[in-house]
Every structure is written in structure tokens, then in C-alpha cells.
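Sequential numbering from 84 applies to the sequence shown in this note's numbering. No residue lacks a Cβ here, since even glycine has one placed at the ideal position from N, Cα and C.
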Amino acid sequence: MTLLLKIPPTIARDFSLMIQSCGMTSAAFTILWMKIKLEWNSIIFCTSGATVGIILGLEFVDQLISAATKKMLFVAIWFSFALSLWLLNTQKKRTTHESIQNMCLWKMVVLFFIGFIGGLCSAFAGSGVDICSFSVLTLLFRVSEKTATPTSVVLMAANTCVGFFWRQLVMVDIDELAWNYFKCSVPVVVICAPFGSLLGSHFHRLVLATFVYVLEIVALIGFLLTGPPLHLIVAGGGIIVFSFFFFYGISKLGQMLEERNSPRPLSGVTCDSPTTPILP
Numbered sequence: 084m085t086l087l088l089k090i091p092p093t094i095a096r097d098f099s100l101m102i103q104s105c106g107m108t109s110a111a112f113t114i115l116w117m118k119i120k121l122e123w124n125s126i127i128f129c130t131s132g133a134t135v136g137i138i139l140g141l142e143f144v145d146q147l148i149s150a151a152t153k154k155m156l157f158v159a160i161w162f163s164f165a166l167s168l169w170l171l172n173t174q175k176k177r178t179t180h181e182s183i184q185n186m187c188l189w190k191m192v193v194l195f196f197i198g199f200i201g202g203l204c205s206a207f208a209g210s211g212v213d214i215c216s217f218s219v220l221t222l223l224f225r226v227s228e229k230t231a232t233p234t235s236v237v238l239m240a241a242n243t244c245v246g247f248f249w250r251q252l253v254m255v256d257i258d259e260l261a262w263n264y265f266k267c268s269v270p271v272v273v274i275c276a277p278f279g280s281l282l283g284s285h286f287h288r289l290v291l292a293t294f295v296y297v298l299e300i301v302a303l304i305g306f307l308l309t310g311p312p313l314h315l316i317v318a319g320g321g322i323i324v325f326s327f328f329f330f331y332g333i334s335k336l337g338q339m340l341e342e343r344n345s346p347r348p349l350s351g352v353t354c355d356s357p358t359t360p361i362l363p
């Protein structure tokens, strides 16, 4: 909306929160009704952090960021997500789990912090907690995409409802143009979002990933075609490069944690050993 229709980022952000509060909630209802596996630890702790993050972001951070910078951050954040998805798909034979293994205090803190960062991103970009949670669940905690994807939908449904509530009933600052877009779009979204969740479950994950790659490359090119200042191009490039190494780092950390937690055979005993070694 900001790149193609030239709509001010604040209005686009508000519309995004409004429409996702309906669309994502409809999709979340479908997920719960179909009893699809969810990572409830992530939902609880990420939602707690995201609630704090989006409120602080809307109240204090959003006013500090210019419109052009918001466009750059939106493109950089989503392109970074495409990078994390690409890193995930390069790991052909990785071990995955249906939920976070050996849940403990430090993992709760990580989920809360990631939710907080995602909430801050949602405060100026309209989305963020879904990207952050999906990346950490899959790369660090080795949770299967079949669990991480619907979990991110439920997280975003909750976070956008909080954002919509805060903007309309606390700040009372949603522009009339955002409401007009909302009135036109909401009948379509509440039907298409659940249908998209159902349809997407029948596509191979690499097909869906390819759609994400193409969309983010197009968004990046579209941002560059708007003629942004050089310092924004450099800043956006820096964020993308940093994000690549960050996601690569947590991917390697997740691999190390998985190897450390995997059961190992006792010394002197193998799965093919026909007898037990004699103790001295």
C-alpha cells in the first residue's frame, strides 16, 4: 500500500492491524476448529511480550520514525524473513519436533523477548511477531513448519487485535481513509483468509516459500524504484546483512542444541552389538 498506492505508512499500518484482526482471527478459528497442532508455549510467552511491545511501540517509538524510514524497515524486515526461510530450506535433513523440547526458563525469556521485538515491529509495520516467532521456532528450537506456521497465525491474530484496540479505543487516532479501506476489504478477508489457510495446507512448503521469495524481491525492487535517499538504502542493506548473519547464527545454535540434547549410545555399545561388553 505504501509502495504502490502511495498511502501514508501510518494509515497503511492501521489498516493492516484492522484487517488482520479480522482475517487472522478467522484463520486462527479455522486452525483451532481443525485441531491443528500449535506450540502453546510460544503463543503464551510471545503474546505476552508482543502485547507490551506493540503498546510501547505505538505510544513512543512510532512517532520517532519518519515515513520513508518506515517503508525501508517494512521491506527490510520482510526480506529478512525471506532469508530466514531460505536458510531453513537449505537444511534438507534437519531434525524437527512438534513442540519446543525441554521447556525451561531461558527459553521462556527468549520467547518473551522475541515477542517484544515482534510487537515493536508491528507498531510501525503492521506485522512482525509472526516473522520473529516463526524464525526462532524453526531455526533455534527446531520446531516443524507444520506447527510453527499455524502458531504464527494465532500469534498475529492476538497481536493485531491488541493493536487495533489500542489505536481505536485508547489513542483514538485511526484515520477515516483506513476505515474506508477496512469496510471494502473485511467481507473478502474473513472468507479468503480461512480458505487460504486450508488451501495452503495442500501446497508443498517449497512452493509457498517460492511465493515468499518472489514477493519480497519484488517489494525490495519496488522500494528502490521509489528513489529513497542513499542513507536509507545503506541502512536497509545493513539490516538485511545483519539479519542474514543473525538467522545463520541462531540456525547454528539450534543445531548445536539439538546435537547436545540428542541421546548418544554408551561407550563401547552400538546398536549392532550382539553382546554387552564385560566390565573390568
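key: Boundaries (first-last residue) of the alpha helix (DSSP H) holding G305   = Membership of G305 in the alpha helix (DSSP H) is indicated by the continuous run R288 to L308.
request  = Tell me V226's beta-bridge partners as DSSP assigns them.
outcome  = Paired residue(s): H180.
query = Using the beta-carbon count (16 or more within 10 Å), is A231 buried or exposed?
reply = Result: buried.
query = Is Q174 helix, strand or coil by DSSP?
reply = Look at Q174 here: in three-state DSSP terms it is coil, with no helix or strand label.
Identity of the residue in P277, I304 and H285 nearest Q103 by Cα = The closest CA to that of Q103, considering only P277, I304 and H285, is found on P277.
request  = Answer yes if the region 238-245 comes into contact with the region 102-120, meaning at least three C-beta pairs across the two stretches below 8 Å, and no otherwise.
outcome  = Contact annotation: the region 102-120 touches the region 238-245, with at least three C-beta pairs closer than 8 Å.
ask   = Does the distance from the CB of C105 to the CB of V219 come in under 8 Å?
value = At the C-beta level, C105 and V219 stay beyond 8 Å of one another.
query = Helix, strand or coil: which one does DSSP assign to E122?
reply = Three-state result, E122: coil.
key: Short Cβ contact (8 Å threshold) for I119 with N242   = Going by C-beta atoms, I119 is not nearer than 8 Å to N242.
Proximity winner among I160, C204 and I333, relative to V135 (alpha-carbon distances) = Among I160, C204 and I333, the Cα nearest to that of V135 belongs to C204.
ask   = What's the gap between the Cα of E228 and the Cα of V273?
value = Spanning the two alpha carbons is a distance of roughly 24 Å.
Rounded separation between M254 and G246 - CA only = So the alpha carbons of these two residues sit roughly 10 Å apart.
query = Distance, Cα to Cα, I160 vs L303?
reply = C-alpha separation (whole angstroms): 11 Å.
task = In angstroms with no decimal places, state the Cα-to-Cα distance between Q174 and S149.
result = Distance between the alpha carbons of Q174 and S149 is about 38 Å.
key: Inter-residue Cα distance where the pair is L291 and V301   = About 16 Å.
ask   = Secondary structure at V255, three-state DSSP: helix, strand or coil?
value = In this structure, V255 counts as coil in the three-state DSSP scheme.
message = If I follow the unbroken alpha helix (DSSP H) through Q146, where does it start and stop?
response = Run containing Q146: none; DSSP gives neither H nor E here.
key: Selection from W116, L139, S163 and D97 that minimises the alpha carbon distance to L298   = Each of W116, L139, S163 and D97 was checked against the Cα of L298, and the nearest Cα belongs to S163.
ask   = What whole-angstrom Cβ distance do F195 and G132 have, given they're in contact under 8 Å?
value = Going by Cβ atoms, the distance from F195 to G132 rounds to 4 Å, so yes, they are a contact pair.
inquiry  = Which residue wins for smallest C-alpha separation from A165, given the options F306, A208, V295 and N344?
reply    = The shortest C-alpha separation from A165 is found at V295.
ask   = What is the rounded straight-line gap between the Cα of Q251 and the Cα of K89?
value = Straight across, the Cα-Cα distance linking Q251 with K89 is about 23 Å.
request  = State yes or no: is the beta carbon of T152 nearer than 8 Å to at least one beta carbon in chain C?
outcome  = Absent here is chain C; the protein component of the structure consists of one chain.
task = Specify the secondary structure class of T93 as computed by DSSP and reduced to three states.
result = If DSSP states are grouped into helix, strand and coil, T93 belongs with the helices.
C-alpha distance - N263 paired with C244, whole-angstrom precision = If I take the Cα positions, the gap works out to 18 Å.
ask   = Taking the alpha carbon of W169 as the point to measure from, which residue in P91, D258, I94 and T293 has its own alpha carbon closest?
value = Answer by Cα proximity: T293.
request  = Specify, as a first and last residue, the run of the alpha helix (DSSP H) that E341 falls within.
outcome  = Where E341 is concerned, the enclosing alpha helix (DSSP H) stretches over L313 to N344.
ask   = Roughly how many angstroms separate the alpha carbons of V212 and T234, rounded to a whole number?
value = Rounded to the nearest angstrom, the two C-alpha atoms are 11 Å apart.
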